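What follows is one structure encoded as C-alpha cells, with my remarks underneath.
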Amino acid sequence: MEVLLDHYVEAVSILLFVIGFNLLLFDKNLIKKIMGLNIMDTGVYLFLASMGYIEGRLAPVFNGVSTNPADYVNPIPAGLVLTGIVVSVSVTAISLALTVRLYKKYHTLNLDEVYRIIREEEKKEEKEERK
Amino acid sequence: MDFVQNFPMLSIILSFISVVICSLVPRKVGRYYTMIVNVIVCAMGVTMIIYTAQHGSFNYSMGHFPAPYDNEIRIGILEAILASLFPIIIMLSILGGMDSLEKDVNEKKERFIYVLLNLVQVAIIAMIYTNDVFTAYVFLEISTLASIGLVMIKDKGHTIAAAMRYMIFNLVGSGLFLIGNVLLYATTGYLSMEYIKVALEALQAAGGHQPIITLTFALITLGLGIKSGLFPFYFWMPDTYGEATTTSSCVVSGIISKGYIILLFKYMYRTFGLDLIVSTHMPTILFVLGVLGMIFGSFSAISQKKLNKMVAFSSAAQIGYIYMGLGMGGYGLVAAIFQVICHAIMKPLLFVSSASLIKTAHGKEDFVSLRGVGRKNVVAGVTFTIGALSMVGFPVFAGFVMKFLFVEASVAPTLPKWQMILAVVALVVSTLLNTLYYIRTVMTIFRPKANNERSTRAWPPFSATLSMAGFALLNFAIGTSTAFVDVLEQGLHLLG
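Chains as they are written, first to last, in this note's numbering: chain Y, 1 to 131; chain U, 1001 to 1496.
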C-alpha cells in the first residue's frame, strides 16, 4: 500500500492505460473505442510528464535566473509528451473520419453489427451467383 | 564529412516534400512524379550501399549537439539495401495497380494515393535508418496512418470495415509499443539506441532489474507483433489485403508490415542486444507463435474460396516464418531477414498477377470462374506461377533460398532439441500445405475449357506487364545470387 501511495502518479497512469486499452480492444461501440484510445494515451503522457518533473526546480526556459543546469527540470519528457499529443490528435481525427464513413454506409456504430451486415451481404452475393 | 553522407537524410526530406507536391498537382503528374522520386530514393540507397561497403557504417547527426542529446540516424549496409529495395517495390506496385486504380478509386481522389505512397516511403525509410526510439515511434504512427488511408481509399463498405478492423489492431499495437518505449526511457534515461544498450547492460550486470527489462521488451515485441500480423493477431489480414485496391494491398502487405519487423530487428540488435534478449525468454515465445502462425495461416488460406483472400491469408504463414527465425536466433536471424526481403517481393507479384487474372475473369474472384483464365491471360498466368513456385520453394526462385536457409538454421547444433524438431516439422508441414493450395490454384487457372473452345488471348496493359516482369526478375535475381545472403549476414552483424 505504501508503495502505491509513494508512486501514486505511476499507479494512476497505469490504471488509465489499462482502462483505455480495455475500451479500445473490447468495447463494441466505435466512439467508445476512440475514447479508450485517448484515455490510454493520456495514461502514457501522465507517466512521461511525472517523470520529467522534479519538485523545486525551474521550468527549462533560460531567463537569467540561474546558469546551473541542475536547477532546471529535464525538458525532454515534455517534448515527448507534446509530440505524442500531436500523434494522438491525428490518429483520433482519422479514426473519427473512418467512423463517420462507416456510419453513413451501415447506419450503426456497433462493430459486430457491421460485420454481421457484411456477412449477410456476402451470402446474398453467393446465392445470386449460384442462380 | 563526405557529401554522400547526406543522402539518407536527403531521401527522407525529398519524400516529405513530395507528399506536399503530390497533394497539389493533377493525378497523372503525381503518378509519374512519385515514380521518379522512387527511382531517385532508390539511387540514393544504392549509393549508400557502395559507400558503406567501402567506408563502413556511420552515424549521421541531425542537430548540433553531441550524441546522447541529439537525434541521429544510422546507416549500415543492411539499412542501405532495404532502403534501396523498398522504393522500387513501391514503384512497381504503382505500375501494377494502375488500371485497377481507375476502376476502384474516384478520379478526384486518385492523387491522394500518391500522397499516401510518399508518406509510406518517408515512414519506411526513417524507420529503417533511425537510431532513436522516439523517432521510431513517430514514424511508426505515420506509417500506420498512411496504411489506413491506403486501405480505405477504395470507398466501398467492405473496405471501410476492413480498414476499421486494421486500424483498431494497429492502435492497440502502437499503444503497447509507446508504453514500452516510455518505460525504456524511464529506466535508462536515453532515447538513443546505442546509449540505451550500454545502460541496459549495466543494469543487467548490477542485477535486480530483470523484470523491467523483460516487461519492456515484451511490450515492444507484442506491439510490433500485433501490427505486423503475428499469430494469433492476424485476423485483420485477409480483409485488409484482400479488399483493398491492388497498389494498396501490394504496399501494405509487402512493405508496411515489413517496416515493423525491421524495427523489431533494430530493437533486438541495437537497443537490447542479443544477449539480453535471450534472458527475457521472448525468443522462445516468438518461435512458438511463429510456428503456429505458419501452420494455422496455411490452413486458413486453404479454406478461402476467393483468390485474393487466399493470397492475403498466405501472408500470415509467411510472417510466421519470419518470427520463427527471430525466435531461433543465430543463423535463424539471417533466414528471417532474408524472408523479409523475399516476402516483400513475392507477395506484390502475386497480388498484381492475381488482380490481372481476376480482371480477365470479368471481376469474378472465386476459383470456379477463374478456370482457364491463365490460358487467356498468359502473362499474368505465367507470373502467378512464378510467384506460386517461389512460395512453394522451387529452385532458382527466392523462396527456395529462404526455405534452404531456414532448414540450415533449424539443424544448427546450438538449437535446443525440441526447437529443432518443431522447426523441421513446421517447415515440412507448411511447405506441403503451401504446395497444396498454390499448385491447386495454378492448375485451376491453366485448366482447359471442357468444350474445346479456343480461348481468345487477353493481354494485360503494358504497365502491369512491366510490373509483373520487374517483380519476377527481382525474385529470380535474389533466388540465384549467392553473394546476397552473405552480404545480408554481414549487414546483420554490423547492425549490433
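Note that beta-carbon positions come from the ideal geometry of N, C-alpha and C, so glycine has one too. Quick caveat: nothing in here was measured; it's all calculated off a predicted structure.
Closest by C-alpha distance to Arg1027 (chain U), out of U:Phe1007, U:Tyr1114, U:Gly1076 and U:Pro1087, is U:Tyr1114. Of the candidates U:Met1167, U:Leu1117, U:Leu1224 and U:Tyr1166, U:Leu1224 places its Cα closest to the Cα of Leu1178 (chain U). Among the residues of the region 1156 to 1188 of chain U, those with a Cβ less than 7 Å away from any Cβ of chain Y are Gly1157, His1158, Ile1160, Ala1161, Ala1163, Met1164, Met1167, Ile1168, Leu1171, Val1172, Gly1175, Leu1178, Ile1179, Val1182 and Ala1186, in the order of the chain. The closest CA to that of Gly1325 (chain U), considering only U:Gly1290, U:Ile1358 and U:Ile1295, is found on U:Gly1290. Sequence-ordered contacts of the region 43 to 72 of chain Y with chain U read Val44, Phe47, Leu48 and Met51 [C-beta pairs closer than 7 Å]. Contacts with chain Y at 8 Å (Cβ-Cβ) do not include Leu1119 (chain U). Residue environment for Ser66 (chain Y): exposed (fewer than 16 other C-beta atoms within 10 angstroms of its C-beta).
At the C-beta level, Val1373 (chain U) and Ile1077 (chain U) stay beyond 8 Å of one another.
In terms of Cβ geometry, Met1044 (chain U) and Val1133 (chain U) do not form a close pair [threshold 8 Å]. Taking 8 Å as the upper bound on Cβ-Cβ separation, chain U lies near residues Lys105, Tyr106, Leu111 and Val114 of the region 103 to 114 of chain Y. CA-to-CA, the gap between His1343 (chain U) and Ile1337 (chain U) works out to about 10 Å.
Rounded to the nearest angstrom, the gap between the Cα atoms of Phe1406 (chain U) and Gly1332 (chain U) is 6 Å.
Proximity of chain U to Lys33 (chain Y) at the Cβ level (cut-off 7 Å) is accounted for by Ile1168, in chain order. For Tyr1114 (chain U), the three-state secondary structure derived from DSSP is helix. Taking the CA atoms as reference points, Ala1163 (chain U) sits about 36 Å from Glu1489 (chain U). Looking only at U:Ala1335, U:Phe1404, U:Val1311 and U:Leu1474, the smallest Cα-Cα distance to Val1442 (chain U) is reached by U:Val1311.
In terms of Cβ geometry, Val1392 (chain U) and Asn1434 (chain U) form a close pair [threshold 8 Å]. In terms of Cα proximity to Leu1117 (chain U), the closest of U:Asn1131, U:Asp1099 and U:Ser1143 is U:Ser1143. Just measuring C-alpha positions, the residue of Y:Tyr106, Y:Leu4 and Y:Val81 sitting nearest Leu30 (chain Y) is Y:Tyr106. Rounded to whole angstroms, Gly52 (chain Y) and Val1122 (chain U) show a C-alpha spacing of 30 Å. If you look at Ser1061 (chain U), you'll find it in the beta strand (DSSP E) that goes Phe1058 to Ser1061. In this structure Thr1240 (chain U) touches Val1151 (chain U) by the C-beta definition: roughly 6 Å separates them, less than 8 Å. A residue is called buried once 16 or more other Cβ atoms fall within 10 Å of its Cβ, and Met1 (chain Y), having fewer, is exposed. Straight-line spacing of the CA atoms in Gly1329 (chain U) and Tyr1323 (chain U) works out to 10 Å.
In terms of Cβ geometry, Gly1180 (chain U) and Thr1216 (chain U) form a close pair [threshold 8 Å].
Under the 10 Å beta carbon count, Trp1236 (chain U) is surrounded by 16 or more other beta carbons and is classified as buried. Judged by beta-carbon spacing, Val100 (chain Y) lies beyond the 8 Å limit of Thr108 (chain Y), meaning their Cβ atoms are not closer than that value. Shortest Cα-Cα distance from Asp27 (chain Y) to any of Y:Leu102, Y:Leu5 and Y:Asn110 involves Y:Asn110.
Cβ contact annotation for Val1428 (chain U) (same chain, cutoff 7 Å, sequence separation greater than five): none. A direct Cα-to-Cα measurement between Gly1399 (chain U) and Phe1296 (chain U) gives close to 20 Å. Within the region 1133 to 1155 of chain U, Phe1134, Tyr1137, Val1138, Glu1141, Ile1142, Thr1144, Leu1145, Ile1148, Gly1149, Met1152 and Asp1155 place their CB atoms closer than 9 Å to a CB of chain Y, listed in sequence order. Per DSSP, the continuous beta strand (DSSP E) segment holding Arg1074 (chain U) begins and ends at Glu1072 to Ile1075.
Looking at the DSSP output, Lys1306 (chain U) bridges to U:Asp1366. The three-state reading of DSSP puts Thr1130 (chain U) in strand, counting E and B together. Taken atom to atom, the span from the alpha-carbon of Leu1101 (chain U) to that of Phe1086 (chain U) is near 21 Å. Under a criterion of Cβ atoms nearer than 7 Å, the residues of chain U adjacent to Val91 (chain Y) are, in order, Glu1141, Leu1145 and Leu1171.
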